[in-house]
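To keep things clear, I will list the structure first and then write my remarks on it.
In the numbering used here, the protein residues as written are 5 to 403.
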């Protein structure tokens, strides 16, 4: 159920008020996660990464909750995401780091959005924007230490730093930070690669200092590094997946702090019926009943962003779990309610939790079943229903 603007509708209704499908985001969980990580990484600061509509959780609401809980900076990929936060009245520092030649650098400078700079061309673009917008642009120089995406090559950095120092002396920019991105911080088998990236990063910061640049915020740690590599916290960590109570370390990994998943996806059971033995379920008949089986129809599918393949997944109804059978279709999935003669107290209209929590219906378990990552599961949700934000009435962080 999309609005005319293409955004998922926000609401304050409850499950009992008529919604057939809904996403619930617990802002208390967001706040608890940010606060727990802030304590863990102190004295380093926390940037809450709210790109991609806060990983499908709602960027404005999550940003306010995270700032209230101890994050002092917000991170996004695109300038337009940052400008949306500004239009919502959020005045906290916001950093945007992925640009194209069409990026509204002038609008970013006018709105006091800090800009990640990955090349000399981007640095010149920011300086030109200042000529139009006035003031001074906040810049974080981004270095590619091994991920192979955006970020300046260390070989090009000397020239970039020379120009950055000149622009800073002219009052056009302030180099507020230096940043990089780790490629495998979650993987113990690649810790040497992580350490090598960190050494390269430290060397580039030293090079910046030789150019007279003194960045206030050095940051390379993502959620995985925040949890596993305390030596890489530097001045700030960028908390992405961890903001939402999700771990990049895997289903069975033990985190040093407790994270609470904030998002759940629910609906109501639309029908219950009995299939005879030998009956196929869903397209391709990949599951065939071995006995007369009571099944329930759940009106959520890959049209709502669920993976089509969900081997071993289950849903939660009335505190009990029931396995998904067969392929997930565009609009629906089928669950096994047990033998036909079973007296399981499940009825049409009962609430069904399809995704959420930290156990059998977690985003991590869905990701494992679909051979993907939790990031893709939550950012890919397109549930045809409202997104509800519960708890934590947050004040305007700009006040």
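Note that CB positions come from ideal geometry on N, CA and C, so glycine has one too.
*Kindly indicate which three-state DSSP category residue 240 falls into: helix, strand or coil?*
Residue state, collapsed to three classes: strand.
*asked:* Relative to the C-alpha of residue 366, which candidate in 336, 341, 310 and 204 has its C-alpha closest?
replied: The residue with the shortest Cα to Cα distance from residue 366 is 310.
*For residue 340, I'd like the list of residues in its chain whose CB is within less than 7 Å of its CB, leaving aside the five on either flank, ordered along the chain.*
297, 299, 326, 327 and 329.
*Counting only runs of 3+ residues fully inside the segment 100–130, write out the beta strand (DSSP E) ranges in chain order.*
Within the segment 100–130, the complete beta strand (DSSP E) runs of at least 3 residues are 118–121.
*Tell me where the beta strand (DSSP E) around residue 269 begins and ends.*
Its beta strand (DSSP E) spans residues 267–272.
*asked:* If you follow the alpha helix (DSSP H) that residue 345 is in, where does it begin and where does it stop?
replied: Run containing residue 345: none; DSSP gives neither H nor E here.
*asked:* I want to check one thing, is the minimum distance from the CB of residue 95 to the heavy atoms of the ligand MG below 8 Å?
replied: Among the ligands in the structure shown, none appear at all, so the ligand MG cannot be discussed.
*asked:* As an exercise, report each continuous beta strand (DSSP E) stretch of at least 3 residues that is fully enclosed by the segment 170–229, in chain order.
replied: Scanning the segment 170–229 for uninterrupted beta strand (DSSP E) segments of 3 residues or longer gives 177–183 and 221–223, listed from N- to C-terminal end.
*Do residue 337 and residue 304 have their C-beta atoms within less than 9 Å of each other?*
For residue 337 and residue 304, yes; Cβs fall inside 9 Å.
*Under 6 Å Cβ to Cβ from residue 86, same chain only, skipping five residues before and after it: list those, please.*
Excluding sequence neighbours, residue 86 sits near 80, 98, 100 and 117.
*Under the three-state DSSP convention, the category residue 39 falls into*: Residue state, collapsed to three classes: helix.
*With a CB to CB cut of under 7 Å and the five nearest residues on each side skipped, what residues in its chain are close to residue 316?*
Excluding residues within five positions, the ones whose Cβ falls inside 7 Å are 373.
*With DSSP as the reference, please indicate the residues paired to residue 334 in a beta bridge.*
Per DSSP, none; premise fails for residue 334.
*From the DSSP output, which residues share a beta bridge with residue 299?*
Secondary-structure assignment with DSSP links residue 299 through a beta bridge to 277 and 340.
*Can you tell me where the beta strand (DSSP E) with residue 329 in it begins and where it stops?*
Start and end: 324–329.
*Short Cβ contact (9 Å threshold) for residue 74 with residue 121*: Cβ atoms of residue 74 and residue 121: not closer than 9 Å.
*Could you spell out where the alpha helix (DSSP H) holding residue 60 opens and where it closes?*
Per DSSP, the unbroken alpha helix (DSSP H) holding residue 60 starts and ends at 55–60.
*Take residue 382 as the anchor and find which of 161, 28, 261 and 22 has the nearest alpha-carbon.*
Nearest of 161, 28, 261 and 22 to residue 382, Cα basis: 28.
*DSSP state of residue 28, grouped into three classes?*
In this structure, residue 28 counts as strand in the three-state DSSP scheme.
*Following the continuous alpha helix (DSSP H) through residue 87, name the residue where it begins and the one where it ends.*
Membership of residue 87 in the alpha helix (DSSP H) is indicated by the continuous run 83–91.
*Residue from 319, 357, 139 and 224 with nearest C-alpha to residue 241*: The shortest C-alpha separation from residue 241 is found at 224.
_Using CA atoms only, rank isn't needed, just tell me which of 112, 204 and 232 is closest to residue 193._
Of all alpha-carbon atoms in 112, 204 and 232, the one lying nearest the alpha-carbon of residue 193 is that of 232.
*Could you check which residue in 111, 281, 358 and 126 has the C-alpha nearest to that of residue 147?*
Considering only 111, 281, 358 and 126, the residue with the shortest C-alpha distance to residue 147 is 126.
*Residues in its own chain within less than 6 Å of residue 306 by CB, not counting five upstream and five downstream?*
Same-chain partners within the cutoff: 312, 332 and 334.
*residue 209: which of 184, 107, 230 and 35 sits nearest, CA to CA?*
Residue nearest to residue 209 within the set 184, 107, 230 and 35 is 184 (criterion: CA-CA distance).
*Where residue 319 sits in the DSSP three-state scheme*: Of the three classes helix, strand and coil, the one that applies to residue 319 here is strand, per DSSP.
*Give me the Cα-Cα distance between residue 149 and residue 163, rounded to the nearest whole angstrom.*
Taking the straight line joining both Cα atoms gives about 17 Å.
_Identity of the residues DSSP links to residue 96 by a beta bridge_ = Assignment of beta-bridge partners to residue 96 by DSSP yields no partner.
*asked:* What does the Cβ neighbour count give for residue 52, buried or exposed, with the cut at 16 atoms within 10 Å?
replied: Taking all protein chains in view, the Cβ of residue 52 is crowded by 16 or more other Cβ atoms within 10 Å, so the residue is classified as buried.
*Own chain, CB closer than 7 Å to residue 215, minus 5 neighbours either side, in chain order*: Scanning its chain for C-beta atoms nearer than 7 Å, with the 5 sequence neighbours on each side dropped, one finds around residue 215 the residues 165, 166 and 169, in chain order.
*For the segment 317–324 and the segment 275–295, state whether three or more C-beta atom pairs, one from each stretch, are separated by less than 8 Å.*
Proximity of the segment 317–324 to the segment 275–295 falls short of the contact definition, fewer than three beta-carbon pairs being nearer than 8 Å.
*Identify, in the order they occur along the chain, each residue of the same chain with its Cβ nearer than 6 Å to the Cβ of residue 44, setting aside the five sequence neighbours on each side.*
Excluding positions up to five away in sequence, the list reads 261.
*Beta-carbon proximity of residue 112 to residue 92, cut-off 9 Å*: Not closer than 9 Å, so no.
*Where does residue 247 land, buried or exposed, given buried means 16+ other C-beta within 10 angstroms?*
Buried.
*Indicate whether residue 34 and residue 361 have their beta-carbon atoms separated by less than 9 Å.*
Residue 361 sits away from residue 34, with the two beta carbons spaced by 9 Å or more.
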